[in-house]
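Trainee: Please find one structure pasted underneath; my questions will follow.
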């Protein structure tokens, strides 16, 4: 059901290729697929419609008919449209000139407010601040107790008392001033956005403590209703940002897009695990890939950007395209890849990689073996492997502590892989954009 | 070695291409909020072996069988139905069935979280009916859709299964924050009011203060509570609860479990173990209820699949249906997996947890 959007597009375009032309009718067919993908990811149906409109304009403007790789170009347009919709201005926390900086947490029942409060407290602590948590959820049994336990885990004091939510919040503010805490995080009870009484209560809390930041906590698994919830809370509290929780599941998280589109406020943080430390700044690019069911190419690119030497990488890419990629270049690139972390993790981010390969156990020591073999060659041999005869093979095997058969295997596979790379290397040029796609390949595994 | 080479090649291609592409127009990195540095050692729960079950005996007080009028399903649902009704109103306002009619119906169903797949199937069948039965008026069309929806929800027995004899174990499972503990509290109170003796097992040993939350409910329901230590082994808690229930002649054991994402293999394995342990004599597992938040989108179906695979779910509890969410995912769960919705949460009060009524549910969707 959730087959990657790119696969579907390839299918459509393959069918269309025969007709030779890409007119508006064909684009409409593609847009329908995009709509289905968005709706499957729980993007609100109205938000999806607006987005599709935008995407259509761009598709028409892009003149897909002339493109050699229309599928990839459409994917790029869609991806960019999603990133634009999800991203925009990031939230920058400015601390109140007269401390404490007050943060109010709100949301539906079970969205993860209490956990998010503790995680946020830890985050502020890491920024060198001294937060105080206030347990103003007097509704759910033992909610304050939960906050106290979590507070202890992150070593942040927790204030609460069994009075009323509004009083607790107000007193919490006094307490923060008295103790000299510079950030105040107020956890409130979960409430339905249509519960007039409770919405009024949270408004009174907000009026009494005048928060500098009001965050809505939204479950990443939320469906179509996310827009109603976000709209109501925004009307009552005028939100400053959204915290997306439970992003460690496999929900595609279209709710994030819906909420962002409706409220227009940034998604500030994402909660990505059960541990207190599993809390991070939100990445629109990654969310966009996720909604589309694509691999996390952008995290990969980011990692590559950190690890790779730009000039070398560009040269390598150029050589790839021309088919002049040698073992020497391969060795150099390998050094960069090693900086990116375990291979297994990197594979997980590659799009278009078959499941079998993703699951395959990959031993990073294999890398060392490949490296040893290449390093046992002379520079001349690396540049032109065809000069490697039988006695050279034996020398290389002995030098690297491997068998001759290993050397043979490496040489043979390098040849095949070079051919494959030459093919890939041409891809991105036609695309002229980021987000390269690997064509589906037959790996024979 | 093949794999390594291919992977290396792929990475080089992606990495290299990224540069060629981004070098030209390297976008300013979002400054935004900086991610926190590497986590310090996360708090580890104590080893599961260390379990000190202190059977806190909360002697059941005499519970007065409160006779509270159950809330009318439709009244409660009706509060926030206007959205769906808006589409239906638009359909009915037209004199014929046209393309717009179908678009409206599609949008209405999708907004109810029925899902694009389920919606397409439903409307496809409806279109066939329109042709074969000669439906021409929007009125008749809506009635036909209602009938289809009711049909797809009809069938299975929705009562909570109780077998006389050894203690019945009802296991409550689900992802985080759906309302498992609250549901147990309400079920416990209702069962007690019906004259069954109830024991609650605080099997959520992970979430801070989950046991305290359940303890409050046990007190309200006049039920006994068996709990372990925080971070302890949930199966041990359930085991002790069943033993105790058998020894003291309790009718029902309501076993809470920690919320867990269905994608966490270890946690799902832990849940399997809880069920295995609960199944052992003297206990018998007669219900495994998957609690799902009505606001859940299409992921709800994946949840239901995974949980069923792990612990053989017997029914769904759809919570928080008193909001604006329509809970259409329940439709997909029943038609795809055959798991019926048994209970519905319509509010915070004990009596707001009611038996699911498919006819009323469908009628409420269309009410203006």
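Chains as they are written, first to last, in our numbering: chain A, 1 to 445; chain B, 1 to 368.
Virtual Cβ for every residue (Gly too), placed ideally from N, Cα, C.
All figures in this text were calculated on a predicted structure; none of them were measured in a lab.
Using a beta-carbon distance cut-off of less than 7 Å, what residues from the region 33-59 of chain A approach chain B?
Mentor: So the close ones are 36, 39, 40, 42 and 45.
Trainee: Can you list the residues of chain A that residue 350 of chain B reaches, using a CB-CB cut of under 9 Å?
Mentor: Going along chain A, no residue has its Cβ under 9 Å from residue 350 of chain B, so there is no contact; the nearest lies around 13 Å.
Trainee: Which residues does DSSP pair with residue 254 of chain B in a beta bridge?
Mentor: In DSSP, residue 254 of chain B forms a bridge with B/170 and B/200.
Trainee: How far does the beta strand (DSSP E) with residue 106 of chain A in it extend, from its first residue to its last?
Mentor: Start and end: 101-107.
Trainee: Using a Cβ cut-off of 9 Å (strictly closer), state whether residue 116 of chain B contacts chain A.
Mentor: Yes, its Cβ sits closer than 9 Å to a Cβ of chain A.
Trainee: Can you tell me which residues form a DSSP beta bridge with residue 353 of chain B?
Mentor: Beta-bridge pairing links residue 353 of chain B to B/345.
Trainee: Show which residues of chain A have a CB atom less than 8 Å away from the CB atom of residue 329 of chain B.
Mentor: Those within 8 Å of residue 329 of chain B in chain A are 223.
Trainee: Can you find a CB in chain A that lies within less than 9 Å of the CB of residue 313 of chain B?
Mentor: No, no contact with chain A.
Trainee: Could you list which residues in chain B have their beta carbon closer than 8 Å to that of residue 108 of chain A, in chain order?
Mentor: Those are 295, 320 and 323, listed as they occur along chain B.
Trainee: To be precise: take each residue of the region 92-124 of chain B, compare its Cβ to all Cβ atoms of chain A, and keep it if any distance is under 8 Å. Which residues remain?
Mentor: Residues passing the 8 Å Cβ filter: 107, 110, 111, 112, 113, 115, 116 and 117.
Trainee: By how many angstroms is the C-alpha of residue 99 of chain B removed from the C-alpha of residue 210 of chain A?
Mentor: So the two alpha carbons sit approximately 50 Å from each other.
Trainee: Are there any heavy atoms of the ligand HEM lying less than 8 Å away from the beta-carbon of residue 136 of chain A, as far as the coordinates show?
Mentor: Because no ligand of any kind appears in the structure shown, any question about the ligand HEM cannot be addressed here.
Trainee: Is it right to say residue 210 of chain B is buried, meaning 16 or more other beta carbons lie within 10 angstroms of its own, or is it exposed?
Mentor: Buried, because 16 or more other Cβ atoms sit within 10 Å of the Cβ of residue 210 of chain B.
Trainee: Using only the alpha-carbon positions, how far apart do residue 298 of chain B and residue 98 of chain A sit?
Mentor: One C-alpha to the other measures close to 45 Å.
Trainee: I want to know whether the region 210-219 of chain A touches the region 260-275 of chain B - three or more CB-CB distances under 8 Å.
Mentor: These segments do not touch.
Trainee: Near residue 186 of chain B, what residues of its chain come up, given a Cβ to Cβ distance below 6 Å and the 5 sequence neighbours on each side ignored?
Mentor: The answer, listed in chain order, is 350 and 353.
Trainee: Determine which residues of the region 147-179 of chain B have a Cβ less than 9 Å from any Cβ of chain A, and write them out in chain order.
Mentor: Cβ contacts with chain A come from 175, 176, 177, 178 and 179.
Trainee: Evaluate residue 179 of chain A with the Cβ neighbour count: other Cβ atoms within 10 Å of its Cβ, from every protein chain shown; 16 or more gives buried, anything less gives exposed.
Mentor: Exposed, because fewer than 16 other Cβ atoms sit within 10 Å of the Cβ of residue 179 of chain A.
Trainee: Would the region 248-262 of chain A and the region 31-47 of chain A be scored as touching if the rule is three or more Cβ pairs under 8 Å?
Mentor: As far as the Cβ criterion goes, the region 248-262 of chain A touches the region 31-47 of chain A, which means the pair count is three or higher.
Trainee: Does any CB atom of chain B fall closer than 9 Å to the CB of residue 128 of chain A?
Mentor: No, because no Cβ of chain B sits closer than 9 Å to the Cβ of residue 128 of chain A.
Trainee: Could you tell me how far apart the beta carbons of residue 137 of chain A and residue 114 of chain A are, in whole angstroms, since I believe they sit closer than 8 Å?
Mentor: The pair is a contact, with the Cβ atoms about 7 Å apart (cut-off 8 Å).
Trainee: On the criterion of 16 or more Cβ atoms from any shown chain inside 10 Å, does residue 181 of chain A qualify as buried, or is it exposed?
Mentor: Under this definition residue 181 of chain A is a buried residue.
Trainee: Quick check on DSSP: helix, strand or coil for residue 28 of chain B?
Mentor: Note on residue 28 of chain B: pLDDT 37, under 50, position unreliable in the model; the coordinate value appears next. Coil at residue 28 of chain B, not helix or strand.
Trainee: For residue 212 of chain B, return the contacting residues in chain A, with the cut-off set at a CB-CB distance below 9 Å.
Mentor: Those are 141, 142, 145 and 146, listed as they occur along chain A.
Trainee: What's the C-alpha gap between residue 105 of chain A and residue 215 of chain A?
Mentor: Using only the alpha carbons, I get a separation of about 5 Å.
Trainee: Tell me, which residues are paired with residue 82 of chain A by DSSP?
Mentor: DSSP output for residue 82 of chain A lists no bridge partner at all.
Trainee: Mind pulling the chain B residues with CB within less than 8 Å of residue 249 of chain A?
Mentor: Here the neighbours are 175, 261, 262, 263 and 299.
Trainee: Should residue 61 of chain B be flagged as near chain A, meaning a C-beta pair shorter than 9 Å?
Mentor: With a pLDDT of only 47 at residue 61 of chain B, under the threshold of 50, the placement of this residue in the model should not be trusted, and no figure is reported.
Trainee: For residue 192 of chain A, which three-state DSSP category applies?
Mentor: Here residue 192 of chain A sits in coil by DSSP.
Trainee: Could you run through the region 210-235 of chain A and flag, in chain order, every residue whose CB is less than 7 Å away from some CB of chain B?
Mentor: Cβ contacts with chain B: 219, 221, 222, 223, 224, 225 and 228.
Trainee: Who are the neighbours of residue 150 of chain A on chain B, taking C-beta pairs under 7 Å?
Mentor: 208, listed in chain order.
Trainee: Below 8 Å, can you find three or more Cβ-Cβ pairs linking the region 195-209 of chain A to the region 108-126 of chain A?
Mentor: Because the criterion of three Cβ pairs below 8 Å is not met, the region 195-209 of chain A and the region 108-126 of chain A do not touch.
Trainee: Considering only DSSP beta bridges, list what residue 243 of chain A is partnered with.
Mentor: Looking at the DSSP assignment, residue 243 of chain A forms a beta bridge with A/217 and A/269.
Trainee: Under 7 Å Cβ-Cβ, which residues of chain B neighbour residue 81 of chain A?
Mentor: Chain B residues near residue 81 of chain A: none, gap ~15 Å exceeds 7 Å.
Trainee: Thinking C-beta only, is residue 317 of chain B closer than 9 Å to residue 285 of chain B?
Mentor: No, these two residues do not count as a Cβ contact at 9 Å.
Trainee: Please list the partners that residue 255 of chain A has in chain B, where partner means a Cβ-to-Cβ separation under 8 Å.
Mentor: Result: 297.
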